[in-house]
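Worksheet: one structure, shown below.
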Amino acid sequence: MKRNRFLALCVTLLVLATAGSALACTVTAIGKKATSDGSIMTSHTCDGWYDNRIQVIKGQSFPDGAMTPVYKEICHGTRPNLPLKKVGEIPQAKKTLTYFHVGYPFMNEKQVMIGEYTWSGRDELLCEENAWMMIEQLEVYALQRASTAREAIQIMGAIAEKYGYADGGEALTVADKNEVWLFEIAGPGPLWKQGDKKPGAVWAAVRVPDDSFFVGANRSRITEVNPKDKDNCMASSNVFTFAQEQGWWKPGEKFVFHKVYNPEPYGSPFYAQRREWRMLARVVPSMKLDAYKDELPLFVKPEKKLSVREVQALYRDHLEGTPFDLTQGLAAGPFGNPNRFATPGGVRPEDRKKLDWERAISMFRCSYSFVSQSRSWLPDPVGGVLWFGEDAPDTTVYVPFYCGNTSVPKSFAEGKRAEFDPNSAFWAFQFVNNWAMLRWDAMMKDITAAQKTYEDEAFRNQASTEKKAADLFKKNPAEAVKFLTDYSNAHATKVVEGWWKLGWTLVGKYHDGYITEPSGKQTSPGYPTEWLKKVGFGETMLQPKK
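What follows is the structure in structure tokens.
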């Protein structure tokens, strides 16, 4: 017992030490009656050092008795110090679907899309030694085997129950061309072992209403669980009994999933709730939600139907215009920089050890983000499109990749992260984002203008491109797939080349505190007057009073 308490303490300290990178994603799910074009949408920011490279893994057929490996550390594919770890094998499906592999795999050929965020949960849920499954491995199996969101959830739940879920708590939004679900899962605790009759995971899933919007940010969000309502809920057989055995819930009490399995989310309220509040406040401003309230609505009806571009705009937010605006105050520096670097506990003031900076939706350390569309009225290769952005949402350009794509450009499929790589799309956007921090207020004008140019072009061409592809599909599906692949790859390549050019333009234009024009004209905007007053400008020049 003492050993278990010691292990729990170690786990807690580890979670707190790594929370800045591990607990760091924001996800939305939007029903078809809440979007401007009737598509099902989900989205995800992958905030931290995760594998940003997209691999198109083609579907295959396998003989009876074939096995497939189980890995840990899939999401860290670009980190040399965190290599893949094979922990076992499970039976392979007879036939797999083509899917798109990335840190957290996100799309397959049937328009199934997945977003992810970590919620950690109670320390007692961890089963790292004996359980095999991590969330990204479950995503692989789901995308390889499932044609619908419901099927994906059932597959992940069954595999996790049989082979054990190793982590504390994770959430996925799982979308297809007809509906979207929220799936949350946690481990069975350290005593579970392979072969146990008891389930190796506890999980629940709820359907997002067709007219609703959901946002989740690093805390469990599921409220009531009713497995009898099969149209709108799914759950593991132990969702109630496990909580009862652990002493977290008693029959007769109201069962609220997130209160039972994630009662103390990391960094409440500034870390998770603030992002949820901000998105909800923008989507349903008339609700006038309290920024400090712990319990926020699980689902809301947007005051206006949302487009892809409007969802992308939500992800570029830094709490502007609110009391928590990260572009304001001394911490933003003289030029309104919204980025706040990690602040270890050891350097925080003694009376603020448990506090932190406000947390923007758009994070400088984001590996990638996306907004996806699944559309029932188009053939699968055309109907599923994922708008993908490397690096931080505020300085990225979202480019479309279709679920019928047979490849992505080499710059999106390859590249190093532990060192600067000019052949990587990621580094084009990382370079621009980092240079922008030197003079955020001025450079963001150039960046957003370029961003708008490329994204305007993609959205302007979307309808005609998809119509041509859909018409081609009726006559020659293979030709339609080739057309879409060529189109999206050419556009993405054009954007990356343009972003490198933009980066070097910014280097020439903004350096040494000057703004330099191609004509040679040079100006020095200096610093904002109010900022100069606050930092004591000129005080050392004054003679001391006698």
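With mature numbering (1 follows the signal peptide of the UniProt record, and there is no 0) as the guide, the letters of the sequence shown map in order to residues -24 to -1, 1 to 522. Glycine included, each C-beta is placed from N, C-alpha and C at the ideal position. None of the values given here were measured: they were computed from a predicted structure.
For residue i, three-class secondary structure by DSSP
i: ILE161; result: strand
i: PHE407; result: helix
i: PHE340; result: coil
i: CYS103; result: coil
i: MET413; result: coil
i: ASN465; result: helix
i: ARG183; result: strand
i: ALA151; result: strand
i: SER213; result: coil
i: PRO261; result: helix
i: ILE66; result: strand
i: TRP363; result: strand
i: ASP422; result: helix
i: VAL46; result: strand
i: ASN437; result: helix
i: LYS61; result: strand
i: CYS22; result: strand
i: HIS52; result: helix
i: TYR237; result: helix
i: SER(-4); result: Any reading at SER(-4) must be qualified, since the residue scores a pLDDT of 42, below 50, and its modelled position is unreliable; the value itself is stated next. The answer is helix: DSSP assigns SER(-4) an H, G or I state.
i: SER387; result: helix
i: VAL232; result: coil
i: TYR141; result: strand
i: THR505; result: helix
Residue i and residue j closer than 9 Å at C-beta
i: LYS169; j: ARG351; result: no
i: LEU414; j: PHE311; result: yes
i: SER345; j: SER19; result: yes
i: residue 525; j: ALA107; result: Only positions -24 to 522 of the chain appear in the structure, and residue 525 is not among them; the question remains open.
i: TYR247; j: ASN194; result: yes
i: MET17; j: ALA5; result: yes
i: THR303; j: TRP416; result: yes
i: LYS421; j: ASP187; result: no
i: PHE402; j: ASP432; result: no
i: LYS62; j: TYR47; result: yes
i: residue 525; j: GLU92; result: Residue 525 is absent from the model: the chain starts at -24 and stops at 522.
i: ILE90; j: THR44; result: no
i: LEU167; j: ARG121; result: no
i: MET110; j: CYS22; result: no
i: LEU460; j: GLY380; result: yes
i: LEU114; j: ILE161; result: yes
i: residue 537; j: SER96; result: Outside the shown range of the chain (-24 to 522) lies residue 537, about which nothing can therefore be said.
i: ALA177; j: ALA136; result: yes
In DSSP terms, what residue i is bridged to
i: PHE190; result: ALA5
i: ILE16; result: SER350
i: VAL358; result: Looking at the DSSP assignment, VAL358 forms no beta bridge with any residue, so it has no partner.
i: GLN31; result: HIS77
i: GLY91; result: THR149
i: ILE491; result: TYR486, THR499
i: PHE377; result: LEU362
i: ASN84; result: TYR75
i: MET517; result: Answer is none; MET517 lacks a bridge partner.
8 Å Cβ shell around residue i - same chain, five flanking residues per side excluded
i: TRP411; result: MET419, GLY479, LEU482, VAL483, TYR486
i: ALA446; result: LEU354, PRO355, VAL358, ALA456
i: ALA211; result: TRP179, ALA180, ALA181, VAL201, PRO203
i: VAL236; result: ALA219, TRP224, TRP225
i: ARG285; result: GLU431, PHE435
i: VAL116; result: ILE50, TYR75, HIS77, PRO81
Classification of residue i by the beta-carbon crowding that lies within 10 angstroms, buried from 16 upward
i: PRO175; result: buried
i: PRO369; result: buried
i: SER262; result: exposed
i: LYS86; result: buried
i: ARG250; result: buried
i: GLY163; result: buried
i: ASN57; result: exposed
i: THR429; result: exposed
i: PRO67; result: exposed
i: GLU326; result: exposed
i: ALA142; result: buried
i: VAL259; result: buried
i: ALA(-3); result: Only weak support is given to the placement of ALA(-3): the predicted model assigns it a pLDDT of 47, under 50, and the value that follows is read from those uncertain coordinates. By the neighbour-count rule (16 or more Cβ atoms within 10 Å), ALA(-3) is buried.
i: ARG393; result: buried
i: GLU279; result: exposed
heavy atom of the ligand SAH below 8 Å from residue i C-beta
i: ARG258; result: Among the ligands in the structure shown, none appear at all, so the ligand SAH cannot be discussed.
Cβ-based neighbour list, residue i, same chain, cut-off 6 Å, excluding 5 preceding and 5 following
i: HIS77; result: GLN31, ILE33
i: LYS264; result: none
Own chain, CB closer than 7 Å to residue i, minus 5 neighbours either side, in chain order
i: VAL232; result: THR199, GLU200
i: residue 562; result: Summary: the structure shown does not reach residue 562, with the chain confined to residues -24 through 522, and so no result is reported for it.
i: ALA336; result: ASP293, HIS294, LEU295, LEU302, PRO314
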